[in-house]
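Q: My questions will all concern the structure given below.
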Amino acid sequence: DPWEYITLGEAAQLRGRTFSAEGYYKEAQRLFIEAGDRQGEAQSLKSLGNVHSNRGGGAAAENFYRESLAIAREIRDRKIEGDSLNNLGLIESGRRNLDEAERLLRESLAIAREHGDRKSEAISLGNLGVFAGEQKNYDLAESLYREGLFIEREIGHRKGEAISLGNLGVIARIRGEFDEAERLHRESLAINREIGD
């Protein structure tokens, strides 16, 4: 089953074994193509993009995300489309193509909301918060992080909750609110220890 290779790839990636993850995703891609499974092919391409993004290979990651996006639009898979747009938005943000980055991130958020995908919605809000923080719009960043945190707590997404708390801690530190920053980072740390991240 090619989906088992996707699961193995995700497990390898969580352990930092990116070359093993890449091998699993490529095998999944091969099997999906053989089976004519376009959704699976799009998922494997998106996963390969994540591997290259984690390694800092922006151009390779972008190519995989764009291929994934094209297939997702062809088969009308809005979940993979939204995820690919979100990932492309992060690449454009890193390149300082700010208008394009914001457009892509907001389109991803709109798709998540359209389909009631709360986890993807929270991730998109967090990424828009990072984007706002990089523009030194700290009030907007805090508002976006808090909105994402509310969703993550509502759906029990502990890893996302820890990330949002850490991001809110960064905002508090920038503002010189050191006691609040420490409280937020300690809460984030406790969750990460609890989930073994």
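For the sequence shown, my numbering gives the first residue as 1268, with consecutive numbering after it.
From the three backbone atoms N, C-alpha and C, an ideal C-beta is built for every residue, glycine too.
#1: If you compare alpha carbons, which of His1382, Asp1406 and Lys1293 is closest to Val1437?
#2: If I follow the unbroken alpha helix (DSSP H) through Asn1394, where does it start and stop?
#3: Go ahead and pull the three-state DSSP assignment for Arg1340.
#4: To the nearest angstrom, how far is the alpha carbon of Lys1293 from that of Leu1315?
#5: Specify the secondary structure class of Arg1363 as computed by DSSP and reduced to three states.
#6: To the nearest angstrom, how far is the alpha carbon of Arg1362 from that of His1424?
#7: Since Asp1406 is in the alpha helix (DSSP H), which residue starts that stretch and which ends it?
#8: Expressed to the nearest angstrom, what Euclidean distance is found between the alpha-carbon atoms of Glu1271 and Leu1395?
#9: Count the other CB atoms, across all protein chains shown, that sit within 10 Å of the CB of Gln1402; report buried if there are 16 or more and exposed otherwise.
#10: Out of curiosity, what's the CA-to-CA distance linking Phe1398 and Ser1360?
#11: Between which two residues does the alpha helix (DSSP H) harbouring Asp1446 extend?
#12: Out of Asp1344, Gly1290, Arg1343 and Gly1307, which one is the CA nearest neighbour of Val1318?
#13: Could you give the residue range of the alpha helix (DSSP H) that holds Gly1290?
#14: Leaving out five residues on either side along the sequence, give the residues of the same chain with a beta carbon under 8 Å from the beta carbon of Asn1434.
A: By the coordinates alone:
#1: Taking the sequence shown and counting its residues from 1, the one referred to as residue 1437 is at position 170. Among His1382, Asp1406 and Lys1293, the Cα nearest to that of Val1437 is on Asp1406.
#2: Within the sequence shown, the letter at position 127 stands for residue 1394. It spans Arg1385 to Glu1401 - the alpha helix (DSSP H) in which Asn1394 sits, taken as one unbroken run.
#3: If you number the sequence shown from 1, residue 1340 lands on position 73. It is helical.
#4: Taking the first residue of the sequence shown as position 1, residue 1293 is located at position 26. Taking the first residue of the sequence shown as position 1, residue 1315 is located at position 48. Distance from the CA of Lys1293 to the CA of Leu1315, rounded to the nearest whole angstrom, comes to 8 Å.
#5: Numbered from its first residue, the sequence shown carries residue 1363 at position 96. Arg1363 falls in the coil class under three-state DSSP.
#6: Start at 1 with the first residue of the sequence shown, and residue 1362 comes out as number 95. Start at 1 with the first residue of the sequence shown, and residue 1424 comes out as number 157. Between the C-alpha atoms of Arg1362 and His1424 there is a straight-line separation of about 29 Å.
#7: Against the sequence shown, residue 1406 aligns to sequence position 139. For Asp1406, the enclosing alpha helix (DSSP H) stretches over residues Tyr1405 to Ile1422.
#8: Position 4 of the sequence shown, counted from the start, is the residue given in the question as residue 1271. Position 128 of the sequence shown, counted from the start, is the residue given in the question as residue 1395. Across the structure, Glu1271 and Leu1395 are spaced so that their CA atoms are roughly 32 Å apart.
#9: Here residue 1402 refers to the residue found at position 135 when the sequence shown is read from its first residue. With fewer than 16 Cβ atoms within 10 Å of its Cβ, Gln1402 is classed as exposed.
#10: Here residue 1398 is taken as the residue at index 131 of the sequence shown, counted from 1. Here residue 1360 is taken as the residue at index 93 of the sequence shown, counted from 1. Just so you know, the alpha carbons of Phe1398 and Ser1360 end up roughly 7 Å apart.
#11: Locating residue 1446 in the sequence shown gives position 179, where the first residue counts as 1. Phe1445 to Ile1462 is the extent of the alpha helix (DSSP H) around Asp1446.
#12: As a first step, residue 1318 is located in the sequence shown; it is residue number 51 there, counting from the start. That would be Gly1290, whose Cα lies nearest to the Cα of Val1318.
#13: On the sequence shown, residue 1290 is found 23 positions in, with the first residue counted as 1. For Gly1290, the uninterrupted alpha helix (DSSP H) run begins and ends at Thr1285 to Ala1302, by DSSP.
#14: Counting from 1 along the sequence shown, the entry for residue 1434 is found at position 167. Counting only Cβ-Cβ distances below 8 Å, and skipping sequence neighbours, we find Gly1393, Gly1396, Val1397, Gly1400, Ala1408 and Tyr1412.
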